[in-house]
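Novice:
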Amino acid sequence: MEEKLTKEEVLHVADLARISLTEEEIEKYRVELKKLLNDVEKINDVKGYDDDILIACWEENTTLRKDEPGEMLNPKEVIGNAPRHSGNYIEVPVVISDGEGA
Amino acid sequence: MKYLNKDIKEINKLLKSKKIKPIDLVEEAFENIEKNKDLNAYITLNKEEAIKQAKSLEDKEVDNLLFGLPIAVKDNIVTKDLRTTCASHILDNFIPIYNATVVEKIKAKNMIIIGKTNMDEFAMGSSSRTSYFGAPKNPWNPKKISGGSSGGSATTIAARDVLFALGSDTGGSIRQPASYTGIVGMKPTYGRISRFGLVAFASSLDQIGPMTKNVYENALLLNALVGKDEKDLTSVRREEEDFTRFIGKDIKGMKIAVPNYFMSDIVSSEIIDKVKEIIKLLEKKGATVDYVDVKYLENAVTLYQIIAMGEASSNLARFDGIRYGHSYENPKNIEDVYLKTRAEGFGEEVKRRIMVGSYLLSGENAKVYYNKALSIRDDMRKEFKNVFKKYDLMIGPTTTTTAYNLTDPMDDPRKSFMDDVLVIPVNMAGLPGLNLPIGFDKNNMPIGMQVIGDSFEEAKIYHLASFLEKELNLELNPFGGEEDE
Amino acid sequence: MSNYIPTIGVEVHVELKTKTKIFSNSINGYGEMANSLTNVIDLAYPGTLPTLNEEVINLGIKAATILNCKIRKVMHFDRKNYFYPDISKNYQITQNATPIGYDGYVEITKENGEKKKIYIEEMHIEEDTCKSAHRGTKTLLDFNRAGVPLIEIVTKPCISSGEETKLYLEKLRELLSYGDISDCKIEEGSMRADVNVSIRKNESDPLGTKAEIKNIGSISNAKLGVEKEIERQTKLYENGETFLPQTRRFDDKLNDTVLMRVKETGNDYRYFPEPDIPFVVLTDEMIENARKTIPMLPDERRKKYLELGVSEINTKKLIQNRSLSDYFNTLLEEKTNHQVASNLLLGDISAYLNKNEKDITETTLTKERMLELIELLENNTLTSKNLKEIINEILESTETIKEIMKKNGIENITDDTEIRNIIQKIIKENPESVNDYKNGHDRAIKFLMGQVMKETKGKANPKMAMDILTEELK
Chain V
1 MEEKLTKEEV LHVADLARIS LTEEEIEKYR VELKKLLNDV EKINDVKGYD DDILIACWEE
61 NTTLRKDEPG EMLNPKEVIG NAPRHSGNYI EVPVVISDGE GA
Chain W
103 MKYLNKDIKE INKLLKSKKI KPIDLVEEAF ENIEKNKDLN AYITLNKEEA IKQAKSLEDK
163 EVDNLLFGLP IAVKDNIVTK DLRTTCASHI LDNFIPIYNA TVVEKIKAKN MIIIGKTNMD
223 EFAMGSSSRT SYFGAPKNPW NPKKISGGSS GGSATTIAAR DVLFALGSDT GGSIRQPASY
283 TGIVGMKPTY GRISRFGLVA FASSLDQIGP MTKNVYENAL LLNALVGKDE KDLTSVRREE
343 EDFTRFIGKD IKGMKIAVPN YFMSDIVSSE IIDKVKEIIK LLEKKGATVD YVDVKYLENA
403 VTLYQIIAMG EASSNLARFD GIRYGHSYEN PKNIEDVYLK TRAEGFGEEV KRRIMVGSYL
463 LSGENAKVYY NKALSIRDDM RKEFKNVFKK YDLMIGPTTT TTAYNLTDPM DDPRKSFMDD
523 VLVIPVNMAG LPGLNLPIGF DKNNMPIGMQ VIGDSFEEAK IYHLASFLEK ELNLELNPFG
583 GEEDE
Chain Z
588 MSNYIPTIGV EVHVELKTKT KIFSNSINGY GEMANSLTNV IDLAYPGTLP TLNEEVINLG
648 IKAATILNCK IRKVMHFDRK NYFYPDISKN YQITQNATPI GYDGYVEITK ENGEKKKIYI
708 EEMHIEEDTC KSAHRGTKTL LDFNRAGVPL IEIVTKPCIS SGEETKLYLE KLRELLSYGD
768 ISDCKIEEGS MRADVNVSIR KNESDPLGTK AEIKNIGSIS NAKLGVEKEI ERQTKLYENG
828 ETFLPQTRRF DDKLNDTVLM RVKETGNDYR YFPEPDIPFV VLTDEMIENA RKTIPMLPDE
888 RRKKYLELGV SEINTKKLIQ NRSLSDYFNT LLEEKTNHQV ASNLLLGDIS AYLNKNEKDI
948 TETTLTKERM LELIELLENN TLTSKNLKEI INEILESTET IKEIMKKNGI ENITDDTEIR
1008 NIIQKIIKEN PESVNDYKNG HDRAIKFLMG QVMKETKGKA NPKMAMDILT EELK
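Residue numbers (this note's numbering), protein chains in the order written: chain V, 1 to 102; chain W, 103 to 587; chain Z, 588 to 1061.
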């Protein structure tokens, strides 16, 4: 039998990625995601490496920017590409929560 | 009269002497593109602007070899006021309000952007078939793929529409389509070229690079693209150099390594045989070639899956239907905006990858998968670096097969990764790599060889590549050049 | 109600005083037109990348130094991933694995004089979110604040009362505003505090269930919030009830905390190292240069002021007013009467500044003129009554104080002979009063002094006149 994720597992990752799925898609991804996850599981077979990590192949350290103002957009440009806006603001359906992060 | 098939120095002379004008080249390019439009190389053409720009160049001094030449730009590189879609429905009406740094650089050379080339959606794929706008077709055989993700750029170069194209390479997306279409494609050292304005797929792997029909033109375009950009902290400050400087030089004494893994049974015998011929030729011409073991090469795809999908899940989070791009019509609430915009806007491959990427970073998985991948990646880069202590360059096949059929099944999500098994390690280690056409298979489809160098050794890569190009002297125009007048 | 032991931890975000944002060069400003302080980076346009503001790193070094933290010399940034309209990239660039400062402390002095160290777990650099305003069925987004640099300071759970919470926040505000790190205006949101509260019966018990109080609008509310929360939790436990980890907010109208939501099973922020920002490496030189720019901090000021003879109360008041204290610091090395100087600054000068909504640096009071003023007051050439008449002029014109006095007809007779002559005349004219004085009626000398001042139209130097009068009456 073909290996599959559970429906709940698919819905969980779909929620993390903020993608709504149809029933049909859920079924499809149960198989497809499982294949990929089986693939990445192979990382646990790799042996012999040390603990140092490589985040990216940075060839230089960060060069800090001087604290000097540069060009900015005007509010009309800011809302220019926004699907919903009102006045100078970008608009979304009301958010009832406290925000996270900062 | 045709000019774009002439030697670049010849074109430059004609421009300088005012025998031709940039507009002649632009018109010729658009004629070529029109003639080859079934190849579906472009998503957006920049006709009006290109003509305007060409005319504005008429009174300017022809001050460099790239002056007035048309160039195609992959559609994940943002162009101000010119639609940039990443071949995705989510950006299919997106008009950027700034230029990528590379776009500023080619404009500074007075090159003319002819259009935006087709690609895999957000550069995720290996055949350009994940494009919202349909796949480009291989000029050598329109039933075949051009590869991906820079399939459109490869197609337009192979079809000889224009001399120059920009691609981007996260896990082989320049070299692999270059191999499938018989052109020269370079992924430079990570940090060589600014990524500012390249829509990020996997930030630690992405790099823009030149795609051309020959080695010299490739090096010439690279000259124009490199340099530290204060807008990209990962770009690197280096002394200015001319990447064409070793072209035409002898290769006697050059030390070349061939990783055993690259010549193993994962590669078709036809391709192995062709690479072996090259090895013989190199030895005959005074180079030493050794087979070497490079540890972790066989793990590169796994590392790539984890790192690229992880980073992608974060990089693509900004496409949420709020500030730009497609947005779901009648959202009831904010979650609707996210869930349905992204459901409608992204294609299957992208959805699959960002879901898996989110999973790989979630909770304890970040430790189990992601951090482990970064650890092994570090060791893999050290392995490469060790080889380059003893060898000038590394060679091997670019792909395991030649271009396959557009109609081949797409239902195995692992296929697109396996197509890139030989090109991915180079991105993992941040090294420069180039595809050079070295021959054809029995179906007359191009076979490519990869030349890999140590960090910042692009000039050395061009050295070897140009030498072989001259020795092999292949006819690389799929239309056989019979249309020459 | 039996006693429980509270355990409190505080997380404070402060916005940094920089000209530009942390990851882009658009202006870090407050109160401007919506979406007028942004660029493509702040809006997370496709293809954009962060850069890193040097001043943020400098302020980070300074803050870490002030908070007695160890400084990490090689650091990177991390992405904190979550979907929310106020964070344009849908991830926040922060420092999760390598915070710039760690293992620090702040010392508070409790009412009874007892000192306590509040330990800092870590402090890290990150970006602020955009501002959202809710209007009916819509939320409006203003990205001016998106990318404003923040430092988040996290204490160990070592605070044990509302009072200590308040003292810690006051101290933190004092240090960070004096260090020129942040203007720490809670009402403008440039300082924000979240407080975690739990209680337990005995020291040996594991920590109790945590409630996080957000949305605290003032330091006194932080104290009140903690106290109310301890009360609420105590009642629950006393009634044998339990509760789930939760987020509460302080409600200004109810003067109490109210439930916002029960915490889900841990937010899944999917942290991973930010690949777009290579290692930030701090050299000893960078650290030293940043440290050199730390202004004199309140504790040192306090010590110096008291040593110079400034009263306890004036010292406290001066330090509460940063700009007056900075002005006062220019006088530290001068031979002058520092108590008189502090009286002046906190008295007539403050009254003038408040009335005219000015800062002392906006007045004409140079150090030289200030020293002249102090001297004139000290030797009574200028009386405090007369000072009030000419204080506006002193602070608005550039003439010497003496010139201003002259123009206003305030000229004390300081000539010994002249005063003596007048006094002798008064004594002659008032024999009864002289008699009264000699018979022990002290009040009579006040009458005689009054006559002297009347005769001189108040211009006699009062101290000098009194000395001479006493002498003549002997």
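We treat Cβ as the ideally placed atom computed from N, Cα and C, and that holds for glycine.
1) Against chain W, with Cβ distances strictly below 8 Å, would residue 63 of chain V count as a contact?
2) Between the beta-carbon of residue 658 of chain Z and the beta-carbon of residue 648 of chain Z, is there less than 8 Å?
3) Excluding five sequence neighbours on each side, which residues of the same chain lie with their C-beta closer than 6 Å to the C-beta of residue 977 of chain Z?
4) Report yes if the C-beta distance between residue 629 of chain Z and residue 606 of chain Z is below 8 Å; otherwise report no.
5) Would you list the one or two residues that DSSP bridges to residue 90 of chain V?
6) Hey, out of Z:1039, Z:1027, Z:993, whose CA is closest to residue 1014 of chain Z's CA?
7) Listed from N- to C-terminal order along the chain, which residues in the stretch 186 to 215 of chain W have their beta-carbon within a distance smaller than 8 Å of any beta-carbon of chain Z?
8) Using only the alpha-carbon positions, how far apart do residue 420 of chain W and residue 715 of chain Z sit?
9) DSSP puts residue 552 of chain W in a beta bridge; with which residues?
10) At the 8 Å Cβ level, is residue 734 of chain Z part of the contact set with chain W, yes or no?
11) Determine which residues of the stretch 28 to 62 of chain V have a Cβ less than 9 Å from any Cβ of chain Z, and write them out in chain order.
12) Using Cβ-Cβ distances below 7 Å, what residues of the stretch 863 to 892 of chain Z are close to chain V?
13) Expressed to the nearest angstrom, what Euclidean distance is found between the alpha-carbon atoms of residue 281 of chain W and residue 504 of chain W?
14) Within 8 Å, do at least three Cβ pairs link the stretch 178 to 192 of chain W to the stretch 629 to 639 of chain Z?
15) If you measure between the beta carbons of residue 682 of chain Z and residue 711 of chain Z, is that distance less than 8 Å?
16) Residues in its own chain within less than 8 Å of residue 102 of chain V by CB, not counting five upstream and five downstream?
17) Does DSSP put residue 711 of chain Z in a helix, in a strand, or in coil?
18) Does chain V have any CB closer than 8 Å to the CB of residue 620 of chain Z?
19) My guess is that residue 806 of chain Z and residue 795 of chain Z are in contact by the Cβ rule of under 8 Å, so how many angstroms apart are they, rounded?
20) What would DSSP say about residue 683 of chain Z, mapped onto helix, strand or coil?
21) Classify residue 594 of chain Z as helix, strand or coil using the three-state DSSP reduction.
22) Taking all protein chains shown into account, do 16 or more other C-beta atoms lie within 10 angstroms of the C-beta of residue 158 of chain W, making it buried, or fewer, making it exposed?
23) Is it the case that the Cβ atoms of residue 798 of chain Z and residue 738 of chain Z are separated by a distance below 8 Å?
24) With a 10 Å radius around its C-beta and 16 neighbouring C-beta atoms as the bar for buried, classify residue 914 of chain Z as buried or exposed.
25) Of all the options Z:612, Z:1007, Z:818, Z:900, which has the alpha carbon lying nearest to the alpha carbon of residue 593 of chain Z?
26) Look up residue 101 of chain V in the DSSP assignment and say whether it is helix, strand or coil.
27) Please state whether DSSP places residue 785 of chain Z in a helix, a strand or coil.
28) Does the beta-carbon distance from residue 653 of chain Z to residue 881 of chain Z come in below 8 Å?
29) Of the choices W:408, W:150, W:241, W:230, whose alpha-carbon is the least far from that of residue 188 of chain W?
30) Cα-Cα, which of W:284, W:336, W:265 is closest to residue 300 of chain W?
31) Counting only Cβ pairs nearer than 9 Å, list the residues of chain Z close to residue 86 of chain V.
32) Could you please tell me which residues of the stretch 639 to 659 of chain Z, in chain order, have their CB closer than 8 Å to any CB of chain W?
33) Step through the CB atoms of chain Z and report whether any lies within less than 8 Å of the CB of residue 335 of chain W.
34) Along chain W, which residues have their Cβ under 8 Å away from the Cβ of residue 19 of chain V?
35) Among residues of its own chain, excluding the 5 on either side of residue 357 of chain W, which ones have a beta-carbon nearer than 6 Å to its beta-carbon?
36) Determine whether the beta carbon atoms of residue 952 of chain Z and residue 981 of chain Z lie at a separation below 8 Å.
Specialist: If we stick to the structure as given:
1) yes
2) yes
3) 991, 995
4) no
5) V:85, Z:728
6) Z:1039
7) 186, 188, 193, 196, 198, 199, 200, 202
8) Between the alpha carbons of residue 420 of chain W and residue 715 of chain Z lies a distance of about 16 Å.
9) W:498, W:537
10) When Cβ-Cβ separations below 8 Å define contact, residue 734 of chain Z makes no contact with chain W.
11) 53, 55, 56, 58, 59, 60, 61, 62
12) 864, 865, 866, 867, 868
13) 8 Å
14) In short, these stretches touch, since the Cβ pair count reaches three.
15) yes
16) Residue placement at residue 102 of chain V cannot be trusted, given a pLDDT of 42 that sits under 50; what the coordinates show is reported in the next sentence. Nothing listed; no residue qualifies.
17) strand
18) yes
19) Actually they do not touch by this definition, with Cβ atoms about 25 Å apart.
20) coil
21) Residue 594 of chain Z falls in the strand class under three-state DSSP.
22) exposed
23) No, the pair does not count as a contact, with Cβ atoms beyond the cut-off.
24) With 16 or more Cβ atoms within 10 Å of its Cβ, residue 914 of chain Z is classed as buried.
25) Z:818
26) Note that residue 101 of chain V has pLDDT 39, beneath the 50 cutoff, so the model's placement of it is unreliable and no number is given.
27) strand
28) At a Cβ-Cβ threshold of 8 Å, residue 653 of chain Z and residue 881 of chain Z count as neighbours.
29) Considering only W:408, W:150, W:241, W:230, the residue with the shortest C-alpha distance to residue 188 of chain W is W:230.
30) W:336
31) 722, 725, 727
32) Flagged, chain order: 639.
33) yes
34) Going along chain W in sequence order, the residues near residue 19 of chain V (Cβ under 8 Å) are 441, 444, 445, 448, 453, 456, 457.
35) 390, 493, 494
36) yes
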